[in-house]
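Just so we're on the same page, the numbering used here is the position in the sequence shown counted from 1, plus 1274. All C-beta atoms, glycine included, are put in the ideal place defined by N, C-alpha and C. Given the structure is predicted, the values throughout are model-derived calculations rather than measurements.
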Amino acid sequence: MQDKKKKNVESGRSGLARIMSLVLVILMLLGVASTLLVLILPKSVAEASEYTEPVMSIGIQYGDTASGSFRTYSDTGYTILSQNPDGKRDAVRFGSITDKTIVVAPQANLAPSGTGFAVAATGITVGGYRIDLADAFSTYAAAVAKADAMRSAASSKGYQVFPAYIGGKFKVRVGCFASREAADAVRADVEAIAGSAVTVSAPVPKAVCVLTTTGVVRFEYENGTAGYLGLRPAGTGDVYMRADNNYIYEGAFMYKSSGSLITVINMIGLETYIEGVLPYEISSSWHIEAQKAFAIAARSYAVGNLKKHYTSYGFDLCCTTNCQVYRGAGGVNDKVRSAVAATAGEVLVSKQSGKVATLYYSSSTGGCTVSAEDCWGGTGAPYLTAISTPWERYADYGNGLWTAEVSPAELCEYLRSKGYTTLKGSIASVEVKENAKNSTYVKSLKITDTSGNSVTITNTDKVRTALSKYVKSANFVVGRGSVAYTVTKATAGTTTMPYSAVDLSSAYVMTGGGKVLSSTGASTYVLNSAGKSTVGSGTGYVLTADNADGSGDVVDLGYVTTTTNKTATASDSNNFIFAGKGWGHGVGLSQYGTKDLAEFGYTYDRILAAYVPAGEIRSYSDM
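Structure follows, in structure tokens:
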């Protein structure tokens, strides 16, 4: 019977399909089929903006971290590319290299160094001078074929022969010579082997060569600023490159030469980049909603800071805490991939300006955040205001709750080393002049020595960095001999207590008309004779005889906080003692606080709304 029903359904569908096909044929002849398809598709399908994933350029080795070469390993060998560094950031495929381990170095006189090579004046094993064939070839394959045809004869003379891409043309080169004189001496031999005219060329600072670890050149590239050498793993699917830092990378590497050092840039899709950030900015084991929230935070930072380092180094973002920590694909797991995929293309924007919000985050904030204005000055991020974060279990996390003691003499010496040379002798007083707006972070700190000399440090991040040996954040109190402070602890789960004992501290107000102005907490429920009624997420109620039976309880607050008063005492009563909370600048998101909210049941959109009330989630494709 079941098979008969299935057959009837399929028969009906088949008949309907034939009818629809006939109708569509007629409509197509009338030129209106496309209009019909838009009308019959769901609105979300017909009108949805297509998200095109942008290509990011991420600095891996650059500036002070640049070295004389860069070694890479790939199980599948490499595809050679001409990489466009800007615009569409597309790449043209030339061909492939089958070696699994290669080294990219400047075209120069090279000597072995570490795991690769370095530009050298002595001990040269790979010379930088070349003998170029006059012929230009239309393709990489044609240049390879010519090099292969010459290889036996060239090798018998001790010469290397290899393809190159020079000034937009494929060439064949013979090398590698340590001087022009050495190249000139064998020029006639090379002409005879090549069967064509040749010229000697000197090293070009921007040129790079791809070598084996034994110094055999496989390919050279020099095209000015029109493009740069790119290498990606050959093949498709899960293919990676492993660098000497033991990190594995997807996408392609782009190489630039200064003449003596190699800059390495990872060219990679935005979503893959976000996957490589999450495990190193938060733990890949954290709750999926925390992962999603941070995926949006990291994506917003990335697209809001495109070309941050372009003028200095030629890439968008670096791989360190100066931007966002990025270490490739090694730490990525299924939870990270799911979080990134679930939020693909989503960014946080300012409700006021409609522009992508640059989101900052720190390890923990200690029960409140601080505005970007009070932290760094300026008014460029008005959406990053100070908020209370009572849900953050900062005391449970490393460096979330701390104390530090310092003598007056040591404090003066340290501050002078940080540039505050107005101070001449032991410190007599450390005075908090002003806290940041709606925050316990110290915005203005006055420090005076025993001679009456004083300095005033303004803006919370300057306060933090000036005292970085003793404080983890600017969220602190300070005293001489001792100082009182408070610790607030949030606990999760359901709680049952009399109405009169419920503490929803400073987060709710009810007017005479019963209007709730604000609240914290995940969800609040009220039990009365009619059963449990949901007050709603982030809402608190005061019950009266008109709206509750006398014995009701409040349950499931999401989290409940308790505050404890404490005192930090110095070992020497003459010393200063700092007692503080949080670790980092304190602007925007708390990494651990995000984790806490996720564990309290918040979804990623509510987490972001809790930290950035002036922001909203949108698709990057709609920006």
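- If you draw a straight line from the Cα of G1628 to the Cα of L1719, it comes to about 36 angstroms.
- Shown here, M1424 sits in a helix according to DSSP, grouped into three states.
- Non-local beta-carbon contacts of G1441 in its own chain, meaning distances under 8 angstroms to residues more than five positions away in sequence, involve E1496, N1497, G1498 in chain order.
- In the DSSP assignment, K1720 falls outside any alpha helix (DSSP H) and lies within the beta strand (DSSP E) extending over 1716–1723.
- Judged by DSSP secondary structure, Q1865 falls within the alpha helix (DSSP H) whose first and last residues are 1865–1873.
- Between the region 1663–1675 and the region 1684–1691 there are fewer than three inter-stretch CB-CB distances shorter than 8 angstroms, so the stretches are not counted as touching.
- No Cβ-Cβ contact shorter than 8 angstroms links I1376 with V1448.
- A Cβ-Cβ contact shorter than 8 angstroms links V1886 with L1658.
- Between V1446 and I1548, the gap from beta carbon to beta carbon reaches 8 angstroms or more.
- Separation of T1488 and A1417 (C-alpha to C-alpha, rounded to the nearest whole angstrom) is 23 angstroms.
- For T1836, the three-state secondary structure derived from DSSP is strand.
- Here E1687 carries a helix assignment [DSSP, helix/strand/coil].
- The beta carbon of K1581 lies closer than 7 angstroms to those of D1590 in the same chain, with the five residues before and after it left out.
- Among the bridge pairs identified by DSSP, C1642 is matched with S1662.
- A direct Cα-Cα distance of roughly 23 angstroms separates Y1523 from W1560.
- For Y1878, no beta strand (DSSP E) segment is defined; the enclosing uninterrupted segment is the alpha helix (DSSP H) at 1878–1885.
- The straight-line gap separating the alpha-carbon atoms of G1699 and S1557 is approximately 45 angstroms.
- Beta-carbon to beta-carbon, Y1352 and P1507 are separated by about 7 angstroms, close enough to satisfy the 8 angstroms threshold.
- Secondary-structure assignment with DSSP links C1483 through a beta bridge to A1379, E1494.
- Remark: C-beta atoms of A1526 and A1365 approach each other more closely than 8 angstroms.
- Assignment of beta-bridge partners to G1672 by DSSP yields no partner.
- Residue pairing for N1540: DSSP places it in a beta bridge opposite I1332, F1527.
- Comparing alpha-carbon positions, the option among A1702, K1711, D1735, K1736 lying closest to I1721 turns out to be A1702.
- The Cβ atoms of E1890 and K1625 sit closer than 8 angstroms to each other.
- Counting only the Cα atoms, S1747 lies some 20 angstroms from D1870.
- Sequence-distant partners of A1766 (beyond 5 residues in either direction) whose C-beta falls short of 6 angstroms from its own C-beta, in its chain, are Y1833, F1874.
- Taking Y1521 as the centre and dropping the five residues before and after it, the same chain places the C-beta of R1601, G1602, G1604 closer than 6 angstroms to its C-beta, in chain order.
- For the region 1565–1613, the full-length alpha helix (DSSP H) segments reaching 4 residues or more read 1584–1587 along the chain.
- Contact between Y1878 and K1566 holds, with the beta-carbon distance rounding to 4 angstroms and staying under 8 angstroms.
- In this chain, I1556 is not harboured by any beta strand (DSSP E), its DSSP state being neither H nor E.
- CA-to-CA, the gap between A1842 and T1762 works out to about 16 angstroms.
- Sequence-distant partners of A1457 (beyond 5 residues in either direction) whose C-beta falls short of 6 angstroms from its own C-beta, in its chain, are Y1403, I1405, F1451, V1474.
- Pairing S1370 with S1713, the inter-Cα distance amounts to about 58 angstroms.
- Residue state for Y1635 is assigned as strand, using DSSP reduced to three classes.
- Here E1327 carries a coil assignment [DSSP, helix/strand/coil].
- When the alpha-carbon of F1568 is set against those of G1511, T1537, L1503, S1636, the nearest one is in S1636.
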